[in-house]
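Colleague:
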Amino acid sequence: MNRHGQTASSYPKSRLAFDDAKNNIAAGVNSPVRSFAAVEGTPLFIRSGRGAHVLDEDGNTYLDYVGSYGALVLGHAHPAIVACASEAVKQGLSFGAPTTAETKLAQQIRRALPSVERLRFVSSGTEACMSALRLARGFTGKSKIIKFSGCYHGHADMLLAKAGSGAATQGIASSSGVPAALVQDTLTLPYNSISALRQVFATEEIAAVIVEPIIGNCSLILPLPDYLLELRKLCTEHQAVLIFDEVMTGFLGGGGVFVLVFWALFSGWLGRCSDLY
Ligand SMILES: Cc1ncc(COP(=O)(O)O)c(C=O)c1O
């Protein structure tokens, strides 16, 4: 029995499905967070979802607090989404060429988030963060980036640096396969500490700061009052690009647009204070 009281017989069909998956898929999952490796237990294999509920392979129903990590703003299998997606499938799904549908979607996003001036669609959060950081480095001509312990920005090599005990931890790879050279310009700071930020900005040339404005990747941590405004001020003073990673939070505040991941060029202040997000 594990610490959650699960035994081998708790979710027999999920367990069998996991064993089967492990014979075919590395670690049995296609994202490390789904493996339950750090928390023990068997990942639930989900058969279907409708509205706010999901059904697992053993026939148990759950209220879904995951919501595909923020992407499912309309819940599972919303009839309007199902109708649109079915219609799109009939037209052909991918052409390796531009389509007017992309521009229409971009316009809808800009209407929902007026500070977005231009945007680009990408396939994953990893790609969005990696591209935003490259853009920031190219724009500023500087190399060093700041991230915060507890924030996750995908699995690009330069972001797999871990935090240590000092105020600023010089990049030390936290994953095998990441050469030291690729994380040496990644500085990891404690979240919500303006003094740690000031200390680093005083001594280092910083290209960009990347942050989850509300951390969702180690429990839920809200910014202290004024923290993000101070961050904005420091970045402006030191000509560093401020990047809000809103993979999880992007559409929680409204908009209602069915979109997963995007980033925008040089957005203004209207309710958002980042340069890129
Ligand atoms: C805040 C944040 N940024 C980036 C990512 C990486 O996204 P993806 O798994 O699509 O590469 C995640 C994934 O959980 C995330 O939560």
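According to the working numbering, the residues represented by the sequence shown are -5 to 271, in order.
Quick reminder that beta carbons are idealized off the backbone N, C-alpha and C, glycines included.
Given the structure is predicted, the values throughout are model-derived calculations rather than measurements.
(1) Secondary structure at Asp50, three-state DSSP: helix, strand or coil?
(2) Determine which residues share a DSSP beta bridge with Val235 and list them.
(3) Which residue wins for smallest C-alpha separation from Lys7, given the options Pro108, Pro219, Pro37, Pro92?
(4) In angstroms with no decimal places, state the Cα-to-Cα distance between Arg192 and Thr182.
(5) In the DSSP output, which residue or residues are listed as bridge partners for Ser42?
(6) Can you give the Cα-Cα distance for Lys138 and Tyr63, rounded to whole angstroms?
(7) So what does DSSP say about Gln209, is it helix, strand or coil?
(8) On the three-state DSSP scale, how would you describe Thr182?
(9) Is it the case that the Cβ atoms of Asn211 and Cys145 are separated by a distance below 9 angstroms?
(10) Taking C-beta to C-beta, are Val103 and Leu113 nearer than 9 angstroms?
(11) Ala234 and Val203: beta carbons closer than 9 angstroms?
(12) DSSP three-state call for Gly160: helix, strand or coil?
(13) Given this structure, state the Cα-to-Cα distance separating Lys16 from Gln178, to the nearest angstrom.
(14) Measuring from the CB of Tyr63, is there a heavy atom of ligand 1 at a distance below 8 angstroms?
(15) For Gly120, verify whether its CB is less than 8 angstroms away from any heavy atom of ligand 1.
(16) Roughly how many whole angstroms lie between the Cα atoms of Glu231 and Leu225?
(17) On a Cα-Cα basis, can you pick out the residue from Leu270, Gly90, Leu49, Gly45 that is closest to Val76?
(18) Could you check whether the Cβ of Val241 sits closer than 8 angstroms to any heavy atom belonging to ligand 1?
(19) Starting from Leu99, follow the alpha helix (DSSP H) in both directions and report where the run begins and ends.
(20) In the structure shown, what three-state DSSP assignment does Leu214 receive?
(21) Just to confirm, is the Cβ distance from Ala298 to Glu51 under 9 angstroms?
(22) If you reduce the DSSP assignment to three classes, tell me which class Phe133 lands in.
(23) Can you tell me which of Val194, Asp14, Asn54, Leu107 puts its alpha carbon nearest to the alpha carbon of Glu240?
(24) Under the assumption that Gly53 contacts Ala71 (Cβ atoms under 8 angstroms), give the Cβ distance between them as a whole number of angstroms.
(25) Given a cut-off of 9 angstroms, decide if Thr120 and His149 are closer than it, judged by their beta-carbon atoms.
Modeller: Put simply:
(1) strand
(2) Ala202
(3) Pro37
(4) Cα to Cα, Arg192 sits roughly 13 angstroms from Thr182.
(5) Leu49
(6) Taking the straight line from one Cα to the other gives about 29 angstroms.
(7) Sequence check: residue 209 is Ile here, not Gln. Residue state, collapsed to three classes: strand.
(8) strand
(9) yes
(10) With the sequence shown as reference, residue 103 is identified as Ile, and Val is not the correct amino acid for it. Yes, Cβ-Cβ distance for Ile103 and Leu113 is below 9 angstroms.
(11) yes
(12) Only weak support exists for where Gly160 lies, its pLDDT of 44 falling under 50; the value from the coordinates is given anyway. Note: Gly160 maps to coil in three-state DSSP.
(13) 34 angstroms
(14) yes
(15) The amino acid at residue 120 is misidentified as Gly; the sequence shows Thr. Shortest gap from the CB of Thr120 to any heavy atom of ligand 1: under 8 angstroms.
(16) 10 angstroms
(17) When only C-alpha atoms are compared, the closest one is Gly45.
(18) yes
(19) Run containing Leu99: 94 to 106, per the alpha helix (DSSP H) assignment.
(20) coil
(21) Nothing in the structure corresponds to residue 298, since the chain is present only between -5 and 271.
(22) helix
(23) Shortest Cα-Cα distance from Glu240 to any of Val194, Asp14, Asn54, Leu107 involves Leu107.
(24) So it is not a contact: roughly 18 angstroms between Cβ atoms.
(25) Yes, they are a contact pair.
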